[in-house]
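**Student:** Please find one structure pasted underneath; my questions will follow.
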Ligand code: ADP
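Numbering (this note's numbering), first residue to last: 9 to 199.
As structure tokens, this is what we get:
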């Protein structure tokens, strides 16, 4: 099973991707988590990413693509993976296509979590109370929504044309949304 999770910041990608990856027994690859880990460890990658993350901007494609390429070369991805938060730009979509072609792999589905934008901001402001994330403050939260709309939302068309998009309503409690995702993948004959 090779899946992408897409959706605006606050849609619940990370939470749902974690659950589904455990259920499917494939690794969850979250570019945001990998970056945050590297920032915490003050690695070279973390130093390259931090100022972009703090500002709610995307980390440059070269940096992100190289990191994902290395991750997908690891053995534990052979039976599948769940990519959470990648690709987010046209260039990343192309790079992922190249990486998968080299590995002779194909995507099964792109799970899109849709949530109304005021609800997203409310969720992120709530998360800000406990997350400790530098990018969880109102200005940066709003900016991240804009960046998503401008750069990432249009990419869905590409995957829609390939007929692999599975759209799921992200409103509701975590269990409810998780059930919807499993049901939608089954209905689309992807699991
Ligand atoms: P969110 O979905 O709430 O923005 P993430 O944890 O997925 O949270 O991402 C946090 C930050 O990490 C992003 O704002 C961006 O700076 C960086 N990042 C994560 N994934 C990518 C990506 N695919 N391309 C560029 N930057 C990324």
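Beta carbons: idealized from backbone N, C-alpha and C, even for Gly.
Using alpha carbons as the reference points, say which of 126, 190, 81 lies closest to residue 108.
**Tutor:** Along the chain shown, read from residue 1 onward, the residue named residue 108 stands at position 100. Residue 108 has its Cα closest to that of 81, out of 126, 190, 81.
**Student:** At a threshold of 6 Å, does residue 167 count as lining the ligand ADP (C-beta to nearest heavy atom)?
**Tutor:** Within the chain shown, residue 167 is the residue found at index 159, counting from 1. In this structure, the C-beta of residue 167 stays at least 6 Å away from each heavy atom of the ligand ADP.
**Student:** Quick check on residue 21: buried or exposed, where buried means 16 or more other Cβ atoms within 10 Å of its Cβ?
**Tutor:** Residue mapping note: residue 21 aligns to position 13 of the chain shown, counting from 1. So residue 21 counts as buried.
**Student:** Write down the C-beta distance between residue 177 and residue 188 rounded to the nearest angstrom, noting that I regard them as a contact closer than 8 Å.
**Tutor:** Locating residue 177 in the chain shown gives position 169, where the first residue counts as 1. Locating residue 188 in the chain shown gives position 180, where the first residue counts as 1. Confirmed, Cβ separation roughly 6 Å.
**Student:** When you compare only the Cα positions, how much space is there between residue 42 and residue 55?
**Tutor:** As a working note, residue 42 is residue 34 in the chain shown. As a working note, residue 55 is residue 47 in the chain shown. Cα to Cα, the separation comes out at about 13 Å.
**Student:** On a CA-only basis, which of 27, 79, 96 is nearest residue 17? Give me that one, please.
**Tutor:** In the chain shown, the residue the question calls residue 17 occupies position 9. Ranked by Cα distance from residue 17, the options 27, 79, 96 are led by 96.
**Student:** Going by C-alpha distance, which of 87, 101, 135, 133 is nearest residue 113?
**Tutor:** Position 105 of the chain shown, counted from the start, is the residue given in the question as residue 113. Of the listed residues, the one whose Cα sits closest to residue 113 is 87.
**Student:** Okay, do the stretch 150-170 and the stretch 120-136 touch, 3+ Cβ pairs below 8 Å being the bar?
**Tutor:** Flag = yes, the stretch 150-170 and the stretch 120-136 touch.
**Student:** Return yes when the C-beta of residue 185 is under 6 Å from any heavy atom of the ligand HEM, and no when it is not.
**Tutor:** The ligand HEM is absent from the structure shown, which contains only the ligand ADP.
**Student:** Among the residues of its own chain, which have a CB less than 6 Å from the CB of residue 159, if the five just before and after it don't count?
**Tutor:** As a first step, residue 159 must be located in the chain shown, where it is residue number 151. Result list for residue 159: 97, in chain order.
**Student:** Per DSSP, which one or two residues make a beta bridge with residue 38?
**Tutor:** Translated into the one-based positions of the chain shown, residue 38 becomes position 30. Paired residues: 92.
**Student:** Could you say which of 23, 148, 184, 191 lies nearest to residue 62 if we only look at CA atoms?
**Tutor:** Position 54 of the chain shown, counted from the start, is the residue given in the question as residue 62. Ranking the options by Cα distance to residue 62, first place goes to 148.
**Student:** Around the C-beta of residue 111, are 16 or more other C-beta atoms found within 10 angstroms, so that it is buried, or is it exposed?
**Tutor:** Within the chain shown, residue 111 is the residue found at index 103, counting from 1. So residue 111 ends up on the exposed side.
**Student:** Report yes if the C-beta of residue 138 is less than 6 Å from at least one heavy atom of the ligand ADP; otherwise report no.
**Tutor:** As a first step, residue 138 must be located in the chain shown, where it is residue number 130. Not under cutoff, so the answer is no.
**Student:** Measure the C-alpha to C-alpha separation of residue 84 and residue 26 and round it to an integer number of angstroms.
**Tutor:** Within the chain shown, residue 84 is the residue found at index 76, counting from 1. Within the chain shown, residue 26 is the residue found at index 18, counting from 1. Approximately 16 Å, taken between the alpha carbons.
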